[in-house]
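Protein chains in written order, with my numbering: chain A, 1 to 236; chain B, 1001 to 1229. Don't be surprised by glycine CBs; every beta carbon is placed ideally from N, CA and C. All figures in this text were calculated on a predicted structure; none of them were measured in a lab. Data first, discussion second: the structure below is written as structure tokens.
Structure (structure tokens):
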């Protein structure tokens, strides 16, 4: 569409009028007169709410995909920590099986198990689980188990344990969590799945016994969950 | 001095005289919750700094529009949306930083200091002053958080700025110091009660310094009067 000069000129004048009006309206002295009026107050509050919700909505919609990708990257990173890359060549995020886990007290009624496959054969599985009874709240963990039930690796994803004491369950703070590599229900008797204070196999931390105790117990329950579904998981 | 009188007054108020924690005794909830280590204190301080500058600026821009009868809901609305925006954007575009700071961002909403600055300063002052006030108040708050975090961390576990490299990047690893090697640890200081106790000591320290300053000023006046007489 092409505008002829006359229309363009009229449009410019109109815009100038509106700008002039807006400028006068936004003058502090004018606003000071308007502020006590109820209609103005309602309008301002509604206006701010509208702007805020539009801004938040647009931002949320435009970043949703990016945030999901970031979360996926995080998940892949933690999967890679507990399953050696030599063991799989598939996309574990897409190869999942959901199994019921309500009776194992690992924080969820259903657990998503990520299946690691090497040339089509299941080599290992990996799942997130929770120790719901840590010293100050839930301890979120992830564990990789090979097809025979040996632990490939365990990591703590997040926790609220006491900094400097209970946080030695993090691999960044101490290598305590690496003691689980190679353990399984077969090569360690049930009574040994406990901290040394309770007659078990694993160290407690000085000043913090509950955190490692509950972590060991949750890992043990996780292994039991795997064992109960082993056949289904490794022979899909 | 390159700063005019007003700006210097705002700066000294924000950092020392009317500091959010020392002067106004605000924001104690996030303060005690996150100052287990100096690094956490720094993270919370920086996050608050950004949000308080933005909220002060926004509220000052809109100050003529906001009727005093409904100012509080509007301030709360603005601050809450701002915090949520920062939260979402950081999660998407600065995800590594978000994993460290994310916990603190949401806590900023509960920080009454922001509302306090909006009400007491930004809603009555020109934008430039409001931005400067936000910067200075944020800096003052960060200083207290880092000081409290450092004191608690040293006493609780004998280290200083542990895990600073996770927050600021590998190049800041030099900040991580073990102050007391082979330290057994003092649990109380890592827990919230330790925060209260240490905060009390720091506030007392600030008041003592203020007293000393006043005394030396009085002495100087007395001395100069004695000389002129």
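Between the options, which lies nearest to residue i when the distance is taken from Cα to Cα?
i                       : options                           : result
residue 86 of chain A   : A:34, A:93 and A:122              : A:122
residue 1209 of chain B : B:1008, B:1005, B:1041 and B:1016 : B:1016
residue 1107 of chain B : B:1006, B:1029 and B:1181         : B:1029
residue 1148 of chain B : B:1109, B:1069, B:1205 and B:1098 : B:1205
residue 1071 of chain B : B:1119, B:1141 and B:1005         : B:1119
residue 198 of chain A  : A:187, A:229, A:82 and A:216      : A:216
residue 1055 of chain B : B:1069, B:1031, B:1037 and B:1085 : B:1085
residue 1112 of chain B : B:1031, B:1179, B:1190 and B:1011 : B:1031
residue 102 of chain A  : A:78, A:116, A:129 and A:117      : A:129
residue 90 of chain A   : A:71, A:64 and A:125              : A:125
residue 50 of chain A   : B:1074, B:1166 and B:1192         : B:1074
residue 1173 of chain B : B:1014, B:1039 and B:1026         : B:1039
residue 1198 of chain B : B:1019, B:1100 and B:1033         : B:1033
residue 151 of chain A  : A:127, A:71 and A:24              : A:127
residue 201 of chain A  : A:207, A:220 and A:70             : A:220
Could you confirm whether any beta carbon from chain B is found closer than 7 Å to the beta carbon of residue i?
i                      : result
residue 86 of chain A  : no
residue 183 of chain A : no
residue 237 of chain A : Given that chain A is displayed from residue 1 to residue 236, the structure contains no residue 237 of chain A and the question cannot be resolved.
residue 11 of chain A  : no
residue 52 of chain A  : yes
residue 31 of chain A  : yes
residue 212 of chain A : no
Does chain A have any CB closer than 7 Å to the CB of residue i?
i                       : result
residue 1036 of chain B : yes
residue 1095 of chain B : yes
residue 1209 of chain B : no
residue 1017 of chain B : no
residue 1064 of chain B : yes
residue 1081 of chain B : yes
residue 1084 of chain B : yes
residue 1220 of chain B : no
For residue i, name the three-state secondary structure that DSSP assigns.
i                       : result
residue 27 of chain A   : coil
residue 1020 of chain B : coil
residue 1152 of chain B : helix
residue 124 of chain A  : strand
residue 1218 of chain B : helix
residue 1001 of chain B : For residue 1001 of chain B, the predicted model reports a pLDDT of 46, less than 50, meaning its position is unreliable and no value from the coordinates is stated.
residue 155 of chain A  : strand
residue 1037 of chain B : coil
residue 112 of chain A  : strand
residue 212 of chain A  : helix
residue 202 of chain A  : strand
residue 173 of chain A  : coil
residue 129 of chain A  : strand
residue 92 of chain A   : coil
residue 98 of chain A   : strand
residue 117 of chain A  : strand
residue 146 of chain A  : strand
Beta carbon of residue i: closer than 6 Å to some heavy atom of the ligand NAP?
i                       : result
residue 1029 of chain B : The model on display carries no ligand, and the ligand NAP is accordingly not part of it.
Count the C-beta pairs between the stretch 1073 to 1082 of chain B and the stretch 1171 to 1187 of chain B that are closer than 8 Å, then say yes if the count reaches three, no if not. Short answer: they don't touch.
Can at least three beta-carbon pairs, one atom from the stretch 1142 to 1157 of chain B and one from the stretch 1086 to 1106 of chain B, be found at a separation below 8 Å? No, they do not touch.
Does the stretch 136 to 154 of chain A come within contact of the stretch 1134 to 1151 of chain B, defined as at least 3 CB pairs closer than 8 Å? The stretch 136 to 154 of chain A, when compared against the stretch 1134 to 1151 of chain B, does not touch it at the 8 Å Cβ threshold.
Stretch-stretch touch, CB-based, cutoff 8 Å, three pairs: the stretch 181 to 191 of chain A with the stretch 99 to 109 of chain A: Contact between the stretch 181 to 191 of chain A and the stretch 99 to 109 of chain A is absent, because fewer than three Cβ pairs lie under 8 Å.
Whole alpha helix (DSSP H) elements within the stretch 1122 to 1146 of chain B, 4-residue minimum: List check, alpha helix (DSSP H) in window: nothing returned.
Can you give, in chain order, each stretch of the beta strand (DSSP E) that sits fully within the stretch 1052 to 1115 of chain B and has at least 3 residues? Note on the stretch 1052 to 1115 of chain B: there is no whole beta strand (DSSP E) run with a minimum of 3 residues.
Are the stretch 1047 to 1066 of chain B and the stretch 1124 to 1141 of chain B in contact at 8 Å, needing three or more beta carbon pairs? Yes, they touch.
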